[in-house]
Amino acid sequence: MTSLDENEFADALLLARPSIRFIDMLEQSDTNRPKYRRRLDECRGAHVTFVDSSIASEDYFREKYVKVHPSGDGWIYALVGSGIVSLLRSRAADFLQGSLLNGELRASIPAGDEATKAFVTIVLREAKARGRSVVSIDTTTGERGTKADRKFLVWPDAALRFDGTKGTYLANGAHAVFVPNAGHR
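Each residue of the sequence shown is one higher than the one before, counting from 190 in this note's numbering.
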């Protein structure tokens, strides 16, 4: 996802579940406690946590999941738990100039936690709603794979900007490079 895609994703999440809040891991050394934010675009860091505040209030989150960093400077917190989904943002692929390294959504649903299961279902549903499939590409020959990769999706802005033209690709690693799957969702 590009930042434009992220903003559209966040808007869709907030429409589906207005109680979602965002935590910017980048602020670890700026404050002694993480703050819930109402907008994803208020977060600058590479790692952002989505929290359903109807499951985990800000006070509950801080009490249950936040600990002082072992260095004594800032804090660390759980990346999984009740009402939590983690986003590792897409970023420039430094090994493939002009390309985008994939981001990742992660969640762990505690046994029997139906509220978190419903929250995770909403997040994944919204991620897939506008996502398109991708196929592998050989960057040397331009030959595209024939099967869509089941693990990766590309959102519309990233699909336009990283479509293999002008040497711009979607990457999962130096040997795992993709482009949007033409004609398929």
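Positions of the beta carbon are idealized from the N, C-alpha and C atoms, including for glycine.
Residue i - partner residues in DSSP beta bridges
i      : result
Ala365 : Gly362
Thr238 : Ile212, Ser275
Asp338 : Val323
Arg333 : Ile326
Arg226 : Phe211
Beta carbon of residue i nearer than 8 Å to that of residue j
i      : j      : result
Ser288 : Thr357 : yes
Asp338 : Asp194 : no
Ser325 : Gly334 : yes
Phe250 : Val312 : no
Glu293 : Leu277 : yes
Asn291 : Leu359 : yes
Met190 : Ser297 : no
Val366 : Thr310 : no
Phe284 : Ala363 : yes
Close-in-space but distant-in-sequence residues of the same chain around residue i (CB under 7 Å, 5 per side omitted)
i      : result
Trp264 : Gln217, Asn221, Arg222, Pro223, Val255, Lys256, Val257, His258
Ala201 : Glu315, Ala318
Ser271 : Ile244, Ala245, Pro299, Asp302, Thr305
Cutoff 6 Å; reference residue i; Cβ partners in own chain excluding five residues on either side
i      : result
Leu342 : Gly320
Ser242 : Ser208, Arg210
Leu215 : Arg233, Gly234
Arg227 : none
His236 : Met214, Leu277
Lys355 : none
- prompt: Mind pulling the alpha helix (DSSP H) runs of 4 or more residues that sit fully within the region 246-327?
  reply: Taking only runs of at least 4 residues, the alpha helix (DSSP H) segments lying wholly in the region 246-327 are 247-254, 303-318.
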